[in-house]
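Trainee: Reminder that position 12 of the sequence shown reads as 1212 in the numbering used here, one-by-one numbering, no gaps. Even glycine gets a Cβ: it sits at the ideal position worked out from N, Cα and C. Only a predicted model underlies this, so the values are computations on that prediction, with no experimental measurement involved. Okay, here's the structure, questions in a sec.
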Amino acid sequence: MKPLPDLTDEAAMLLRGRLSTLGKERSDTMIALRDAYTALDGCAWDDVVVKSRAVMSLSERMSVIALMWKKTTTEADEAAMRREQA
């Protein structure tokens, strides 16, 4: 079992909260993307444009979440290196 985090480390707690939120958003977006793709796969031709736009919108959201994750983890890594050098 992993040890409990240091609850007095405000920066670590903020990072943990951000990563947790992004992870939850990723999960929710992937579920919505799966559902939208399934709806697209089974829809009538008249609905293809609307359904494909939903898939594209969710794909774009997934890209934004991935970029936010990368930015957050990069900033955390840089902050950790600065702390080690101090």
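Can you give me the start and stop residues for the alpha helix (DSSP H) that G1217 sits inside?
Mentor: 1210-1241
Trainee: By the three-class DSSP mapping on this structure, what secondary structure does D1247 have?
Mentor: helix
Trainee: Of the residues R1261, L1207, L1267, which one's Cα is nearest the Cα of M1230?
Mentor: R1261
Trainee: Decide yes or no for the touch test of the segment 1214-1227 against the segment 1269-1283: beta carbon pairs closer than 8 Å, at least 3 of them.
Mentor: yes
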